[in-house]
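Below: the structure, in structure tokens.
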Amino acid sequence: MEQRSRGLMYRSGILETQGMLFIFDSEDRHAIWMKNMKFSIDILWLDEQQRIVDILESVPPCRLDPCGSYKPRKPARYVLELSHGTVFKTQLKVGDRMTFRQAGA
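Quick note: to get the numbering used here, add 708 to the position in the sequence shown (first position is 1).
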């Protein structure tokens with residue numbers, strides 16, 4: 709659980725080909741915050757079928773305390789944090805389906 713709450717905190721950045729996937733036990737409006745982040749990211753929320761239900765692009769790091777949080781408009785089971793600009797470059801949009809599986813599967 710601590711790994712989930714830390715997310716990309718304290719890292720200096722991520723490569724364009726990298727991201728962080730959060731897998732929750734059930735769909736809900738799971739909030740993401742930018743506390744202790746050093747760079748902007750794109751955030752995607754995906755439902756049980758791995759369809760994008762909401763997107764925020766180039767979300768900036770939190771500079772003031774307390775930090776606000778970002779929630780999707782619809783329930784999601786997965787949250788994917790990507791390098792900022794990835795959504796624009798790949799033209800991802802709400803309704804698109806992504807496919808991911810556990811490493812080694």
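Even glycine gets a Cβ: it sits at the ideal position worked out from N, Cα and C.
Only a predicted model underlies this, so the values are computations on that prediction, with no experimental measurement involved.
> In the DSSP assignment, what are the bridge partners of Asp750?
Replying inline: Reading the sequence shown from its first residue, position 42 is the one you call residue 750. Asp750 pairs with Leu790.
>> Does the region 770-777 come into contact with the region 752-759, if we say contact requires no fewer than three beta-carbon pairs (one atom in each stretch) closer than 8 Å?
In response: Contact between the region 770-777 and the region 752-759 is absent, because fewer than three Cβ pairs lie under 8 Å.
>> Cutting at 7 Å between CB atoms, please list the residues of its own chain near Arg737, excluding the five before and the five after it.
In response: Translated into the one-based positions of the sequence shown, residue 737 becomes position 29. Around Arg737: Lys779, Pro780 and Pro783.
> Do Val767 and Met806 come within 8 Å of each other at the CB atom, strictly closer than that value?
Replying inline: To locate residue 806, count along the sequence shown from 1; it is residue 98. To locate residue 767, count along the sequence shown from 1; it is residue 59. Their beta carbons are not under 8 Å apart, which means Met806 does not touch Val767 by this criterion.
> With Gly727 and Glu765 assumed to form a contact (beta carbons below 8 Å), what rounded beta-carbon distance in angstroms separates them?
Replying inline: Position 19 of the sequence shown, counted from the first residue, corresponds to residue 727. Position 57 of the sequence shown, counted from the first residue, corresponds to residue 765. Between the beta-carbon of Gly727 and that of Glu765 there is about 14 Å, and that puts the pair past the 8 Å contact cut.
>> Check this for me: beta carbons of Ile763 and Val787, under 8 Å apart or not?
In response: Counted from its first residue, the sequence shown places residue 763 at position 55. Counted from its first residue, the sequence shown places residue 787 at position 79. No, Cβ-Cβ distance for Ile763 and Val787 is not below 8 Å.
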